[in-house]
Structure formats: C-alpha cells, structure tokens
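> Residue 58 in this note's numbering sits at position 50 of the sequence shown; the count goes up by one each step and never skips. Take this structure first; my questions come after.
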Amino acid sequence: MLSGVNLYLIGMMGAGKSTVGRLLAAELGYGFLDLDTLIEKVSGLSIPEIFANHGEAAFRKLETDVLAQVAPFTRMVVATGGGVVVTQGNWGHLRHGVVLWLDASIETLVARLAEFPETRPLLSEAEDLQERLTSLLEARRNLYAQADVCVDANSPIPLHVARHALERLALRLAEDHG
C-alpha cells in the first residue's frame, strides 16, 4: 500500500500513537519504532529525566537527531512524540514518508492521561490537566493539520482506530495515484 515509505504517526500525547502504531505495523508488514523509546535508549535517560536535567530544548534536539537517524529506514511505522511537529526542521524528515495525524479530543486525552500525568514532562507541573492539554493542542493544531491523513482517534478500541487509519490511507493514496 505504501510502497515501502515510512508511516509517521503524529498527534497529542495520549492519542494512541504507540498502541495504534504497533497494530498498523503488523497490518502493513512493517517494522515499528517508537521515537521516545529510541531517545531514551540513545540518551540513557527517561524522557522525564531529560526534561528535568537538561530541559525541553535539549530533548527537542535529541528528538530531531534521532528522527534524522530513523528517516533513511524504509518499511517502518514510526510513533513520534507529541511535540515533534513544533521543530520546523523535523518536517523535512517526516515528508519523506506519509504523515498520519491521530486526532483525539481533549476529553479523550484527559481520560487516557489522568492516571499517570507525572510520566509526561509537559503535564507533570500542570494544575489543570484539561487546561494544559487544551493549550498544547491549540498551539499545535495547525501543525498537526499539515499531515497527509487525519484519523479520529477517540475510539477506546485501538484496532478500530488502526482499521480506520488503513481505510483513510488507502483512500488518500488512491487519490494521489488516481
């Protein structure tokens, strides 16, 4: 379907990029990479430790460096971090593949993230989780909207989201080649 090009999943934290990404990789016969997991392996630190010890700017630099290392691969589904879109240079790498936005509502994100906000550095200091997520989404919405395909990620069943994503991808690719 994708002719070997990578599929990059973007969207807010809690949208399901890692979970749905694994399902999509299995369906497509692709490998799966989680950018945050790779960043942790490369740095030897957890994402919260990177933010706490070195700050967000250092994390974003690592994110860009790891994305650049992943970009030459083929036949990969790559779950990116929610903020990958804010670094303009990352789009050059993302555009070498197909970019799919998993779009989840604030209500869905709050429900998914409320249990462990401390594992998300951009949420750990938030007094109001919903307000913080709304602020982040509003700042990123136009960037996420640059994706090739947008998929509703509100279903509580990841397989439904993955199947919908495959349908939307097939339609988009048919439009591009039709």
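Virtual Cβ for every residue (Gly too), placed ideally from N, Cα, C.
Pair every Cβ in the segment 72-84 with every Cβ in the segment 38-45, then say whether three or more of these pairs are closer than 8 Å.
Contact holds: three or more Cβ-Cβ distances are below 8 Å.
> Would you kindly report the start and end of the unbroken alpha helix (DSSP H) that includes Ile47?
To locate residue 47, count along the sequence shown from 1; it is residue 39. Unbroken alpha helix (DSSP H) run through Ile47: Leu43 to Ser51.
> Indicate whether Ile47 and Val92 have their beta-carbon atoms separated by less than 8 Å.
Here residue 47 corresponds to residue number 39 of the sequence shown, with the count starting at 1. Here residue 92 corresponds to residue number 84 of the sequence shown, with the count starting at 1. No, Cβ-Cβ distance for Ile47 and Val92 is not below 8 Å.
> Verify the contact flag: Thr27, CB atom, against every heavy atom of the ligand FAD, threshold strictly below 7 Å.
Because no ligand of any kind appears in the structure shown, any question about the ligand FAD cannot be addressed here.
> Where does the unbroken alpha helix (DSSP H) through Ile55 begin, and where does it stop?
The sequence position of residue 55 within the sequence shown is 47, counting from 1. Where Ile55 is concerned, the enclosing alpha helix (DSSP H) stretches over Ile55 to His62.
> Quick check: what's the CA-CA separation for His104 versus Asp184?
Counting from one through the sequence shown, the residue named residue 104 turns up at place 96. Counting from one through the sequence shown, the residue named residue 184 turns up at place 176. The straight-line gap from Cα to Cα measures roughly 15 Å.
> Judging by CA-CA distance, which residue of Pro166, Leu145 and Val78 is the nearest neighbour of Arg30?
Here residue 30 refers to the residue found at position 22 of the sequence shown. Nearest option by C-alpha distance: Pro166.
> Taking the Cβ atom as the reference point for each residue, do Thr72 and Lys25 lie within a distance shorter than 8 Å?
As a first step, residue 72 must be located in the sequence shown, where it is residue number 64. As a first step, residue 25 must be located in the sequence shown, where it is residue number 17. No, these two residues do not count as a Cβ contact at 8 Å.
> Mapping DSSP to helix, strand and coil, what is Leu17?
Against the sequence shown, residue 17 aligns to sequence position 9. Of the three classes helix, strand and coil, the one that applies to Leu17 here is strand, per DSSP.
> By a C-beta neighbour count over all protein chains shown, 10 Å radius and 16 as the cutoff for buried, is Trp99 buried or exposed?
On the sequence shown, position 91 is the one that residue 99 refers to. With fewer than 16 other Cβ atoms within 10 Å, it is exposed.
> Applying the 10 Å Cβ sphere with the 16-neighbour rule, what's the burial state of Gly22?
Counted from its first residue, the sequence shown places residue 22 at position 14. Buried.
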